[in-house]
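Participant: Dropping a structure here in structure tokens format, bear with me for questions.
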Amino acid sequence: MKRTLNILLILLSTLSYSQNNSESDVFKKIIDDQIGKGTFGIYVQCEKSRTYFDQTIFKEETGLEVPENILKEIEANVAKSSNGIWNLKLINELNYGSSSINSEKCLTNKDAEEIFEKTKKWQNIISISEPVFDNNYENCVVSITYWRFTNSVHGSKYFLKKVYGIWTVIAVYGISMS
3 MKRTLNILLI
13 LLSTLSYSQN
23 NSESDVFKKI
33 IDDQIGKGTF
43 GIYVQCEKSR
53 TYFDQTIFKE
63 ETGLEVPENI
73 LKEIEANVAK
83 SSNGIWNLKL
93 INELNYGSSS
103 INSEKCLTNK
113 DAEEIFEKTK
123 KWQNIISISE
133 PVFDNNYENC
143 VVSITYWRFT
153 NSVHGSKYFL
163 KKVYGIWTVI
173 AVYGISMS
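Adding 2 to a residue's 1-based position in the sequence shown gives its number in the working numbering.
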């Protein structure tokens, strides 16, 4: 009985580590992708917003042929997702110059508003939602939102797949502006 309990605890801790590690890897991949597109001077927001996913919209906008069971798993896992806070150490792990990432700490909503008030200029404040995975942590949906100025935002959703152990952006969809 004791041995079974120990094995169960090891499996649970491994799964928990795997999930946290996958979230960190997705976070880094999104930042890499944005900087790779020439987005410089990024501030990262601390809050993880909730991710929304609708497989009908996903199919219409991406045209991808993703197995139905994976889409159903993601949709079910979205229902379990919640808001959260990104680990502050993630920003320090990014190896970019000061022209790419403007701050070594992430911003709260209040910090972002203060930057807008202080500078009176457009900014690149990125908010990355909680990644939502399929049950095997091989596919993921995550939303990003950019604040440019107070009440000026745009965003999109990313569909990522783990290819040979590396998260790869497969599609960007759900583009919105306000």
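Glycine included, every Cβ here is placed at the ideal spot set by N, Cα and C.
1) Measuring CB to CB, does Lys-159 end up less than 8 Å from Tyr-175?
2) DSSP state of Phe-42, grouped into three classes?
3) Answer yes or no: do Asn-23 and Ile-76 have a C-beta to C-beta separation smaller than 8 Å?
4) Does the distance from the CB of Ser-178 to the CB of Lys-50 come in under 8 Å?
5) What's the gap between the Cα of Ser-20 and the Cα of Phe-151?
6) Take Val-171 and list the residues in its own chain whose beta-carbon comes closer than 8 Å to its own, dropping the five residues that flank it on each side.
7) Would you kindly report the start and end of the unbroken beta strand (DSSP E) that includes Leu-66?
8) So, is the C-beta of Lys-164 closer than 8 Å to a C-beta in chain D?
9) In this structure, does DSSP put Ser-51 in helix, strand or coil?
10) If the criterion is Cβ atoms closer than 8 Å, does the pair Val-134 and Thr-64 meet it?
11) If you draw a straight line from the alpha carbon of Leu-109 to that of Asp-56, how long is it in whole angstroms?
Facilitator: Concretely, from the data shown:
1) Sequence index remark: in the sequence shown, residue 159 carries index 157 (1-based). Sequence index remark: in the sequence shown, residue 175 carries index 173 (1-based). Between Lys-159 and Tyr-175, the gap from beta carbon to beta carbon is short of 8 Å.
2) Locating residue 42 in the sequence shown gives position 40, where the first residue counts as 1. Three-state DSSP puts Phe-42 in coil, outside helix and strand.
3) Here residue 23 is taken as the residue at index 21 of the sequence shown, counted from 1. Here residue 76 is taken as the residue at index 74 of the sequence shown, counted from 1. No; because the gap between Cβ atoms is not below 8 Å, this pair is not in contact.
4) Reading the sequence shown from its first residue, position 176 is the one you call residue 178. Reading the sequence shown from its first residue, position 48 is the one you call residue 50. In terms of Cβ geometry, Ser-178 and Lys-50 do not form a close pair [threshold 8 Å].
5) Residue numbering aside, residue 20 sits at position 18 when the sequence shown is read from its first letter. Residue numbering aside, residue 151 sits at position 149 when the sequence shown is read from its first letter. For Ser-20, the predicted structure reports a pLDDT of 41, less than 50, and the residue's modelled location is therefore unreliable. The matter cannot be settled from this model.
6) In the sequence shown, the residue the question calls residue 171 occupies position 169. Counting only Cβ-Cβ distances below 8 Å, and skipping sequence neighbours, we find Lys-31, Asp-35, Tyr-160, Phe-161 and Leu-162.
7) Here residue 66 is taken as the residue at index 64 of the sequence shown, counted from 1. Looking at the DSSP string, Leu-66 is not in any beta strand (DSSP E), and its letter there is neither H nor E.
8) No chain D is part of this structure, which consists of one protein chain only.
9) Taking the first residue of the sequence shown as position 1, residue 51 is located at position 49. Coil, per DSSP.
10) Numbered from its first residue, the sequence shown carries residue 134 at position 132. Numbered from its first residue, the sequence shown carries residue 64 at position 62. The answer is no: Cβ separation not under 8 Å.
11) Here residue 109 corresponds to residue number 107 of the sequence shown, with the count starting at 1. Here residue 56 corresponds to residue number 54 of the sequence shown, with the count starting at 1. If you take the alpha carbons of Leu-109 and Asp-56, they lie about 29 Å apart.
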